[in-house]
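From first to last, the protein sequence lines stand for chains Y and L. Counted from 1, the first sequence has number 519 at position 117 by the working numbering; the numbering is strictly sequential. Counted from 1, the second sequence has number 501 at position 99 by the working numbering; the numbering is strictly sequential. The structure appears below as structure tokens.
2 protein chains.
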Amino acid sequence: MTKRVTIKDIAKECGVSITTVSRILNKKPGCCTPETEKRVMEAVERAHYRPNPAARSLVTKETNIIGVILPDIYNYFFQEFFKGAEDYLGKKGYKLILCNTDGKAKKENEFLESLTQGMVDGIMITTGNCSENNDYIVKLSEGGFPIVTVERYGDDLEQIPGVLFDNKKAMCMAVRRLYEYGHRRIAFITGPANAANAVLRLEGYKQGLKEAGIKYEKALVCAGDYQMTSGYKSIKKLISEQEFTAVIASNDQMAVGACKAIRDSGKSVPDDISVIGFDGTMLAELYQPALYTIELHGYDMGKVSAENLLKLIKGKEAGEKKVIFEPVIKEGSSIRDITDMTL
Amino acid sequence: MTKRVTIKDIAKECGVSITTVSRILNKKPGCCTPETEKRVMEAVERAHYRPNPAARSLVTKETNIIGVILPDIYNYFFQEFFKGAEDYLGKKGYKLILCNTDGKAKKENEFLESLTQGMVDGIMITTGNCSENNDYIVKLSEGGFPIVTVERYGDDLEQIPGVLFDNKKAMCMAVRRLYEYGHRRIAFITGPANAANAVLRLEGYKQGLKEAGIKYEKALVCAGDYQMTSGYKSIKKLISEQEFTAVIASNDQMAVGACKAIRDSGKSVPDDISVIGFDGTMLAELYQPALYTIELHGYDMGKVSAENLLKLIKGKEAGEKKVIFEPVIKEGSSIRDITDMTL
DNA sequence: CTGAAAGCGCTTACAG
DNA sequence: CTGAAAGCGCTTACAG
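Okay, here's the thing in structure tokens:
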């Protein structure tokens with residue numbers, strides 16, 4: 403690395419103390435005459451000088467870096483979330499470290515440990531797509547470390563600011579729509595068995611059935627893991643074993659996999675089988691036929707999380723402890739009204 | 403924030419000097435008796451102590467953070483690239499700051515400036531999806547700052563390690579395949595007009611036509627910008643103006659847009675019009691019909707970039723200055739052999 | 001309006 | 001095998 407310019411160099415060149423240079427750089431009001439300021443700023447420009455972040459953060463205890471822990475960068479929801487957070491925090495002078503856990507609880511904890519001791523000013527941690535352990539999060543939060551959660555559930559998280567999504571309601575809406583369209587045998591693809599939001603989605607499905615007066619049949623529920631392949635495999639299998647006219651997947655990726663399986667089995671979406679996804683990703687939009695799905699507001703969730711985290715960092719209370727996003731249906735062409743056939 | 407444990411606390415608790423604690427933490431061989439080491443490590447464990455990164459980096463001049471500058475996090479290629487880099491660098495103890503430029507050269511430079519003065523140990527910068535200015539990159543590299551490029555072109559970049567892709571050859575392969583399948587009127591959707599790799603892809607298309615003995619027609623070339631919408635719009639328009647049996651898009655996203663436009667115009671892929679994409683993304687795989695496309699090896703490019711950057715950081719020369727990835731065709735069902743019809 | 005000095009929490013010669 | 005001390009490059013009371 404080339405020899406670094408330090409605050410000393412600037413001070414010497416301008417014939418002032420480093421204190422003065424520091425003050426000017428940090429825009430302390432009325433700390434010096436306009437002439438001094440101008441002279442210093444010019445020297446700074448000339449040398450392309452920037453304060454050393456490590457030195458600064460050693461005394462201010464701030465790094466201007468935020469950690470974002472998420473399970474799957476290939477999932478459009480997390481991309482949207484990250485983008486929403488980055489757009490907001492970037493404007494405020496923060497940089498984001500992206501930590502990918504691949505859905506492994508162990509990696510979550512490793513990241514949490516390595517980030518928290520002075521590396522970042524705060525952390526946003528999303529659902530882990532796995533059985534989640536929130537102990538460390540709670541400990542950090544109670545210790546005063548700024549941390550917010552996204553789509554994470556648990557009684558222990560009650561006091562920690564988080565953004566959530568009304569998964570149950572969303573699934574009820576999906577079931578109801580299919581019911582209105584005449585569907586009675588509705589299959590379901592779950593997310594990872596232990597993931598909290600996957601459990602909620604399954605519960606929503608059950609509740610939706612109940613409200614519609616449809617009996618819940620375990621045989622129509624397939625175990626997925628949020629990956630496309632699991633949607634494909636499970637529906638490929640189910641199609642040979644069960645009769646059903648519709649399937650709801652716990653996310654868009656699995657819905658796409660399901661569509662592929664349906665086609666590969668010589669059937670058509672939505673003529674033979676209707677498909678509903680979940681997440682409202684770009685995938686849903688561009689898929690053929692466009693997927694009927696539930697909008698999850700990833701970008702806004704990222705923005706709101708960022709706002710709340712920033713409040714925490716600035717020592718203010720985050721607005722509400724929990725912000726719950728409401729499901730919005732994103733229309734598509736992957737479901738069919740079969741009421742005429744039922745009659 | 404809760405009161406931080408420092409090296410002093412550990413030293414005091416163990417009745418040794420901070421020097422000794424530091425040595426043990428940094429695994430200096432044979433710096434002390436096994437007993438001392440054990441005692442210290444236990445105290446470290448008990449207190450969950452981790453050295454303050456800022457303090458450490460102030461003296462070592464290392465931050466163990468890498469900056470990754472890319473134009474579009476929604477593009478699967480860059481996700482793969484990032485993942486490849488993160489998997490490799492994560493194992494080596496590095497964290498990655500992700501900087502999204504939205505295809506704006508100005509943001510590239512801002513990130514470059516804010517990252518380089520002590521914030522990161524090195525930078526990986528990809529193609530900008532825009533007219534690129536490499537001056538700052540060259541200046542940094544000449545000043546000894548570790549930086550590697552990805553899919554960036556320019557004579558001024560000659561001395562800077564980079565991974566590239568043989569765009570021209572790839573497009574020649576695409577044209578040849580269509581030619582072999584009997585296509586003679588082959589449309590083309592470009593990337594952003596000033597993006598270097600978009601220019602290369604267009605050149606490859608032209609060269610491919612030449613080799614096949616097909617006359618280049620400007621009217622068959624549409625201006626795209628790597629976004630799906632541009633693929634849709636341009637083909638929607640072209641279809642009403644020109645006769646063509648095939649279209650090559652400069653990336654998968656635009657290819658998908660093109661497919662949609664073709665369908666919306668009442669035609670079929672590939673029965674009426676064949677489509678070839680570029681990037682070999684997941685998108686191509688799951689699209690219906692699966693896109694015929696060119697594999698770009700995003701993950702490996704990320705890994706190789708990371709390796710080279712690490713060598714630079716460690717003061718070693720990067721292997722070769724340029725690593726060029728070879729195109730590999732990824733078969734799909736979006737093109738049709740029409741030789742029988744041409745006869 | 002300005003500066004000298006302390007101190008943030010580490011690592012690393014230097015000395016023993 | 002171990003420690004005292006200097007120093008990394010800043011910010012911030014404190015004093016004038």
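No residue lacks a Cβ here, since even glycine has one placed at the ideal position from N, Cα and C.
- By the Cβ test, the segment 458–477 of chain L is in contact with the segment 486–501 of chain L, since at least three Cβ pairs between them sit closer than 8 angstroms.
- Taking a beta-carbon distance threshold of 8 angstroms, MET443 of chain Y does not count as an interface residue toward chain L.
- For TYR476 of chain L, the nearest CB of chain Y lies under 8 angstroms from its own CB, placing it at the interface with that chain.
- Residue ranges of uninterrupted alpha helix (DSSP H) with 4 or more members, entirely inside the segment 642–679 of chain L and ordered along the chain, are 654–666.
- With the criterion set as a beta carbon lying under 8 angstroms from some beta carbon of chain L, the members of the segment 656–671 of chain Y are VAL658, GLY659, CYS661, LYS662, ARG665, in sequence order.
- Nearest C-alpha to CYS434 of chain L among L:PHE590, L:ASN511, L:GLN609, L:THR421: L:THR421.
- For the 8 angstroms CB-CB criterion, GLY584 of chain L and ILE549 of chain L do not form a contact.
- Residue pairing of LYS724 of chain L in beta bridges, as defined by DSSP: L:GLY564.
- Each residue's CA atom was taken as its position, placing GLY704 of chain Y and GLY486 of chain Y some 4 angstroms apart.
- Taking 8 angstroms as the threshold, the shortest C-beta distance from LYS497 of chain Y to chain L falls below it.
- Beta-bridge annotation (DSSP): LEU688 of chain Y is not paired with any residue.
- With fewer than 16 neighbouring CB atoms inside 10 Å of its own CB, TYR618 of chain L falls in the exposed class.
- Under a 10 Å Cβ-count criterion, VAL730 of chain Y is classified as exposed, with fewer than 16 other Cβ atoms of the shown protein chains found around its own Cβ.
- Nearest to MET630 of chain Y by C-alpha distance, out of Y:THR528, Y:LEU622, Y:CYS661, Y:SER667, is Y:CYS661.
- The shortest CA-to-CA distance from PHE646 of chain L to any of L:VAL522, L:LYS669, L:ASP627, L:MET656 is the one to L:LYS669.
- At least 8 angstroms separates the beta-carbon of TYR689 of chain L from that of GLY659 of chain L.
- Taking CB atoms only, LYS485 of chain L has a neighbour in chain Y less than 8 angstroms away.
- For the segment 499–515 of chain Y, residues whose beta-carbon sits nearer than 8 angstroms to a beta-carbon of chain L comprise ILE499, LEU500, CYS501, ASN502, GLU515.
- Between LEU580 of chain Y and ILE588 of chain Y, the C-beta gap is smaller than 8 angstroms, which places the two residues in contact.
- Counting along the chain, no beta strand (DSSP E) covers LYS506 of chain L, and no H or E run does either.
- PHE483 of chain Y: member of the alpha helix (DSSP H) spanning 478–493, first to last residue.
- From the listed residues L:GLY530, L:ALA572, L:THR528, L:THR518, the smallest Cα separation to GLY546 of chain L is found for L:THR518.
- At least one CB atom of chain L sits nearer than 8 angstroms to the CB of MET684 of chain Y.
- At a C-beta separation below 7 angstroms, PRO455 of chain Y has these neighbours in chain L: GLY520, MET521.
- A residue is called buried once 16 or more other Cβ atoms fall within 10 Å of its Cβ, and ASP558 of chain Y, having fewer, is exposed.
- At a beta-carbon threshold of 8 angstroms, the residues of chain L lying near GLN690 of chain Y are CYS661, LYS662, ARG665, TYR689, GLN690, ordered along the chain.
- If you draw a straight line from the Cα of LYS732 of chain Y to the Cα of ILE696 of chain Y, it is about 5 angstroms long.
- Contact residues of the segment 539–557 of chain L toward chain Y are GLY545, GLY546, PHE547 (C-beta to C-beta distance below 7 angstroms).
- Scanning its chain for C-beta atoms nearer than 8 angstroms, with the 5 sequence neighbours on each side dropped, one finds around LEU714 of chain Y the residues GLY524, PRO548, ILE549, VAL550, PRO563, ALA720, in chain order.
- Non-local beta-carbon contacts of TYR451 of chain L in its own chain, meaning distances under 6 angstroms to residues more than five positions away in sequence, involve VAL407, ILE412 in chain order.
- One thing to note: GLU534 of chain L has its Cβ no nearer than 8 angstroms to the Cβ of LYS570 of chain L.
- The straight-line gap separating the alpha-carbon atoms of ALA576 of chain L and TYR694 of chain L is approximately 9 angstroms.
- For GLU697 of chain L, the three-state secondary structure derived from DSSP is strand.
- Proximity to ILE527 of chain L across L:ARG665, L:ILE616, L:LYS716, L:ASN710 peaks at L:ASN710, based on C-alpha coordinates.
- For the segment 557–577 of chain Y, there are no residues whose beta carbon sits under 8 angstroms from a beta carbon of chain L.
- Listed in chain order, the non-local C-beta contacts of LEU622 of chain L below 8 angstroms within the same chain comprise ARG587, ILE588, ALA589, PHE590, LEU640, GLN644, PHE646, local neighbours out to five positions each way being set aside.
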